[in-house]
Each structure stands twice: as structure tokens, then as C-alpha cells.
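What follows is one structure encoded as C-alpha cells, with my remarks underneath.
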Amino acid sequence: MSTELFPFYLAATVALVSTLLAVTRYNPTHALIYFIISLLATAVIFFLLGAPFAAVLEIMIYAGAIVVLFLFVVMMLNLGSRGDELEHQWLKPKMWVMPSVLCLILFFELVYVLSGPSHPITGTAVSPKEVGIQLFGPYVLAVEIASMLLLAGLVGAYHLGRRYLSDARGQS
Amino acid sequence: MPDEVFIYVIVFGTLLGTLTFAAVLVWFERRLLGLWQDRLGPNRVGPFGIGLALADILKLLTKEDWIPPFADRIVFIFAPTAVLIAMFMGFTVIPWAPGVQIVDLNIGLLFFLGMTSLAVYSVLLGGLASHNKYSLLGALRAGAQMVSYEVFMGLSLMGVVMLAGSFSLVDIVNAQQDLWFVVSQPLGFFVFLIAGIAESHRLPFDLPEAEHELVAGFHTEYSGMKFGMFMLGEYLGVILISSIMATVFFGGWLGPDFLPPFFWLAIKIFTLICFFVLLRAAIPRPRFDQLMSLGWKIMLPLTLANLLVTGGIVLLTGYQP
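Chains as they are written, first to last, in our numbering: chain V, 1497 to 1668; chain L, 64 to 384.
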């Protein structure tokens, strides 16, 4: 192992271990903290592969906004230690059989793909400007579709909030 | 190798400089508040009362550091450290003077936004791990407030990015040779200022710790140095937001030649911090729903209109940064 690749393997190990811990924790808060660490490790990998823009978006959007909302839901549910016990009952050893089999299939597929012709990493850093030109050039259709999906989500959220408000007013 | 020594000097200079400044700011803010509210403020310990900063640190270090038995121990200890790490990481991209910077990332501004968004966790986890209803309510408020205001904070900076043509803070400063961005992007500056106060949850937007309704909000159960770390994180946040504001909107280190570049930046940061303190002295705290509707109903449309107009002008005039 050359010293050049050392940061990559370190980040990859952190990502794998923290993801594994995120899946196996009974306490949802601890699971989410491990999930954040896993996302940060993935961001480091993106950075090392020459995609700093993707790395920062991973931190800002996934770690900084989406997981915050997950944590928000956990807070409102007020699970406490009772939730941990329930989780303990639900996650029986035989629950792990199917996910393990599926993961094994994916693992063999990955080994098969990697044993084929090599895909060297060119190591050129992609600047935010190039990402923008690509997004609004060849991939403009994908951007438009994603924006429509987001708009639908926005309208849906507005609708849910609206109904709740009028109900509350009716009761008072 | 002088280059390698130089980078260590910058790293430790930034670390110790911001830390010392944050500690002194605790005293300075109270003194300035006193001045503006027509009273003396702390003036007993040492000249002008500056010894108060040291006395405060000594007090916090020697106090009993109590972890409640009902709290989630590991998360409870981790939470106050998270804010310090995120804030110190945010300082890495700030150019103190030409060539004096820890790292010049081509995504510098986005890196700053990412680090401030990670700082939310310290408040959220601190409140959640305390297992106290006031802490939980404070953390909920902080989460909603910071996630909402992050949106406008990021968007308000994009007009500047459009005019400078780069996310790098050095390029942004160099693009302000002729005109500060506060003149060409007044709306962007206004929104960033308000979002910055909300993001560092300072008065008048300190609803997560509103003491008249939530005891002390998310840090109700914290004592000793862990409380000190939350406090330090808040002051570091003020310095960080002021530094970014000075760099992005007020020309950073640029200024007439009779003072070295770093002094110009320091003067701008210092003035902005004084303005933050003045806001605290002058404006009452809004209700939480008022805060949220101000954000989503006024700030968001304003930033989007600002982006649209800036983008339109850049497109029409064929402006090349």
C-alpha cells in the first residue's frame, strides 16, 4: 500500500465501520451520529477522488440538512429507553439473513466488476464551474426532472401544512 | 523549510488568535452593552475590567462539571465539542491577508457553509442527550431555526459568487478591487446579516435558549467547562460570521496602503462585531412563529428576487468576472 492511498483507505475504513454501526445500533440517536460520520467519510473520499464540489454538497445537504431532519423526527417521537428495548426485540438474529444474502450478492458482483479491466482514477479535480456546465448542458433534462419532483414535494408539503392549520383553527 | 514553518504559524495563529479573541469578547460585549445602556458594565477586575475574561475562564474551569445521571453520557459529552470543531474548521478558509491563509479551496465559501451547517448538531444533540423537556424544546427550536436560515444564508451569497465568478474567498476579495460587494449586492448583504445572527443564535434570535420561557434552552443541564464550550462556540460563531461578512461584502484585506492588509480586515471584523452587540442591545426578541415567517415569507422571496435580477443583469450585459 503506497502512502499516497493511505488517506483513501483510512476514510473508506471509517465509512464502512460507521455504516455498520449505524445499522446495528439500537438507540436511534447513536445510529444517526454514526450515519453522519459515515457521510463525512464519504465526503472525504469524494474530495480525494477530485470532486470537491460533490464532497461539500454531501456535507451541506446530506449531513447538514437531511440527517438534521431525521434527528428532528427522533426528537419528536420521544422514544427513550423503551424504544431501545422494542428495537432489541425487533432486530432478532434471523432478521439479518436476507440482508446478508443480498449484500453477499452485491459483494460478488463488485468483485467481478473490479476483476475486469481496470478503471484508473485520473486524479483531475473537477471545479464547480465544470459541474455547472455539465449539469445545464448535456444533463439539463435530468435537472429539469429533478426540479419537477422537488416542486411536487413542495406542493405536497404545503398541502399537508395547510390542512393542519385550518383544522386547528376550526377547533379553537 | 520556511514554507512549512509558515503554515504552522498561520494554523496556530488562527487557533490561538480566535480563541483569545472569543474569550476577551465575553468581557468586551458586556462592557459595550453597558455603554449603550447607559451603565458601567464589568469594570472592577484589572484595568477597564479586562481581568474579567480571565476570571470567567478560571471560574468555569474550577466549577463542578456535572453530568446528569439520566443523560445520554457519550452524546452529552460529544455535543459541546462538535460546535468548537465545526467553528474552528470554518476559520481555515478565511484569507487573513494576501497569502496568509490556512488553505485556499476553490470551494471555500461552500466549505464555510458546510461547517456552519454541521454546527447545528451540537445544539440538537446537546438538547436531545440532556433528557430534559426544556433542553428538548430549545434544541427543536434551534434545529428548525438553523436549518431554515441556512437556506437563505447560502442563497444570499450566490449573487456575490455570480459577480466574482468563483467560490474561492481569495478570488472574491480580489474581485472587490474597485467596488465592495456590499454596494452591488445590498440585498444579499442584508439577508446574510440576518441569517448570520439567526445561524449563530444570538440575541435577538436566541430563541433556542430564551431564558424567560425555557430556563436556559438546550444547555439547561450543562455546567462547568462544557457550558463554557457552548459559550465559546457562540462567540467563535460571531467572529466567524463577521470574518466571512468582512471578506465577502467589505473587501476583506483591501484598503489604503498606510496600514498592513491584516489590520484592514481586523478593523472590519471588529466593527461588524460591535454592530452585532449593538443589535443585541437594541432589538427585542421576536416570537418563534414570527421568526419562522420572517424567514420563509420575506427572506426567501427577497433572496430569490436578488438572484434573478443579478443573474439577469450578468446575462444581459455579458459581464465577465
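Each residue gets a CB set at the ideal place from its N, CA and C atoms; glycine is no exception.
Can you give me the C-alpha to C-alpha distance between residue i and residue j, rounded to a whole angstrom?
i: L:Gln240; j: L:Phe253; result: 21 angstroms
i: V:Ser1668; j: V:His1655; result: The predicted model places V:Ser1668 with a pLDDT of 43, which falls under 50 and marks its position as unreliable; any figure quoted below should be read in that light. If you take the alpha carbons of V:Ser1668 and V:His1655, they lie about 21 angstroms apart.
i: L:Pro132; j: L:Leu176; result: 36 angstroms
i: L:Val87; j: L:Ile113; result: 8 angstroms
i: L:Gly374; j: L:Ala345; result: 36 angstroms
i: V:Leu1598; j: V:Trp1592; result: 10 angstroms
i: V:Gly1579; j: V:Thr1520; result: 14 angstroms
i: L:Met64; j: L:Ile157; result: Low per-residue confidence applies at L:Met64: pLDDT is 48, beneath 50, and the placement is therefore not dependable enough to give any value.
i: L:Val186; j: L:Phe281; result: 6 angstroms
i: V:Pro1503; j: V:Ile1541; result: 8 angstroms
i: L:Phe313; j: L:Val223; result: 12 angstroms
i: V:Ser1596; j: V:Ser1514; result: 17 angstroms
i: L:Asn369; j: L:Leu250; result: 7 angstroms
i: V:Leu1553; j: L:Asp101; result: 47 angstroms
i: L:Leu168; j: V:Ala1551; result: 12 angstroms
i: L:Leu226; j: L:Leu242; result: 11 angstroms
i: V:Ala1642; j: L:Ile120; result: 51 angstroms
i: V:Met1572; j: L:Lys196; result: 11 angstroms
i: L:Leu172; j: L:Ser231; result: 6 angstroms
i: V:Leu1501; j: L:Ser180; result: 29 angstroms
i: L:Trp359; j: V:Ala1653; result: 14 angstroms
i: L:Val74; j: V:Leu1645; result: 44 angstroms
i: L:Ile140; j: V:Phe1549; result: 32 angstroms
i: V:Ala1508; j: V:Ala1621; result: 19 angstroms
i: L:Ile330; j: L:Phe321; result: 14 angstroms
i: V:Met1594; j: L:Val146; result: 40 angstroms
i: L:Glu165; j: L:Phe151; result: Per the sequence shown, the amino acid found at residue 165 of chain L is Ile instead of Glu. If you take the alpha carbons of L:Ile165 and L:Phe151, they lie about 11 angstroms apart.
i: L:Met178; j: V:Ile1555; result: 8 angstroms
i: L:Met221; j: L:Ile257; result: 16 angstroms
i: L:Leu378; j: L:Ala118; result: 57 angstroms
i: L:Thr283; j: L:Pro161; result: 43 angstroms
i: L:Leu248; j: L:Arg93; result: The sequence given here places Gln at residue 248 of chain L; Leu does not occur at that position. Those two C-alpha atoms are separated by around 32 angstroms.
i: L:Thr81; j: L:Ala116; result: 14 angstroms
i: L:Leu363; j: L:Leu371; result: 12 angstroms
i: L:Gly300; j: L:Leu96; result: 19 angstroms
i: V:Ser1623; j: L:Gly201; result: 39 angstroms
i: L:Val89; j: V:Leu1567; result: 31 angstroms
i: L:Ser211; j: L:Ala142; result: 21 angstroms
i: L:Asn106; j: L:Gly190; result: 34 angstroms
I want to verify the contact list: residues of chain L whose CB lies under 9 angstroms from the CB of residue i, in sequence order.
i: V:Thr1525; result: Asp135, Val138, Leu188, Leu191, Ala192
i: V:Ile1532; result: Leu181, Tyr184
i: V:Ile1641; result: Going along chain L, no residue has its Cβ under 9 angstroms from V:Ile1641, so there is no contact; the nearest lies around 21 angstroms.
For residue i, which residues in chain L fall below 8 angstroms Cβ to Cβ?
i: V:Met1644; result: Those within 8 angstroms of V:Met1644 in chain L number zero; the least Cβ separation is about 18 angstroms.
i: V:Ile1541; result: The premise fails here: V:Ile1541 is roughly 15 angstroms from chain L at the closest Cβ pair, so nothing lies under 8 angstroms.
Between the options, which has its C-alpha nearest residue i's C-alpha?
i: L:Phe255; options: L:Phe293, L:Glu284, L:Ile307, L:Lys289; result: L:Ile307
i: L:Phe174; options: L:Gly251, L:Gly217, L:Gly375; result: L:Gly217
i: L:Phe338; options: L:Thr155, L:Ile148, L:Ala309, L:Ala145; result: L:Ala309
i: L:Ser263; options: L:Glu272, L:Trp243, L:Glu297; result: L:Glu297
i: L:Val245; options: L:Ala279, L:Val311, L:Trp316, L:Ala145; result: L:Val311
i: L:Leu126; options: L:Tyr212, L:Gly291, L:Phe69; result: Correcting the residue identity first, residue 126 of chain L is Lys in this sequence and not Leu. Of the listed residues, the one whose Cα sits closest to L:Lys126 is L:Gly291.
i: L:Asp352; options: L:Gly162, L:Glu276, L:Leu79, L:Gln208; result: L:Gln208
i: L:Leu124; options: L:Leu342, L:Trp316, L:Met288; result: L:Met288
i: V:Ile1529; options: L:Val138, L:Val214, L:Gly190, L:His194; result: L:Val138
i: L:Trp159; options: L:Ile170, L:Val236, L:Leu266; result: L:Val236
i: L:Leu303; options: L:Ala182, L:Tyr71, L:Ser286; result: L:Ala182
i: L:Leu78; options: L:Ile332, L:Gly153, L:Arg204, L:Leu357; result: L:Gly153
What residues of chain V sit near residue i, judged by a beta carbon separation below 8 angstroms?
i: L:Ala202; result: Met1571
i: L:Val183; result: Gly1560, Val1564
Give me the chain V residues within the contact set of residue i, using Cβ-Cβ distance strictly less than 9 angstroms, ordered along the chain.
i: L:Tyr71; result: Here the premise fails: no neighbours, minimum Cβ distance about 20 angstroms.
Interface residues of chain V around residue i at Cβ under 7 angstroms?
i: L:Leu199; result: Met1571
Positions along the stretch 1543-1558 of chain V whose CB lies within less than 7 angstroms of some CB in chain L
Pro1548, Phe1549, Val1552, Ile1555, Met1556
Give, in chain order, every residue of the stretch 206-218 of chain L whose Cβ lies closer than 9 angstroms to some Cβ of chain V.
For the stretch 206-218 of chain L, the set of residues with a beta-carbon nearer than 9 angstroms to any beta-carbon of chain V comprises Gly206, Ala207, Met209, Val210, Glu213, Val214, Gly217, in chain order.
Could you please tell me which residues of the stretch 163-181 of chain L, in chain order, have their CB closer than 9 angstroms to any CB of chain V?
Leu168, Asn169, Ile170, Leu173, Phe174, Leu176, Gly177, Met178, Thr179, Ser180, Leu181
Report the residues of the stretch 1562-1596 of chain V with a CB closer than 9 angstroms to any CB of chain L, ordered along the chain.
Residues Val1563, Val1564, Leu1565, Leu1567, Phe1568, Val1570, Met1571, Met1572, Asn1574, Gly1576.
Name the residues in the stretch 1622-1639 of chain V whose C-beta lies less than 7 angstroms from a C-beta of chain L; which are they?
Ser1623, Pro1624
Is the stretch 1596-1616 of chain V touching the stretch 1517-1535 of chain V in the sense that three or more CB pairs, one from each, lie closer than 8 angstroms?
Segments in contact, no.
Give the residues from the stretch 220-239 of chain L that approach chain V closer than 7 angstroms (Cβ to any Cβ), ordered along the chain.
Phe230
Taking Cβ-Cβ distances below 7 angstroms as the criterion, which residues of the stretch 275-309 of chain L are in contact with chain V?
none
Residues within the stretch 362-382 of chain L neighbouring chain V, beta-carbon criterion of under 7 angstroms
none
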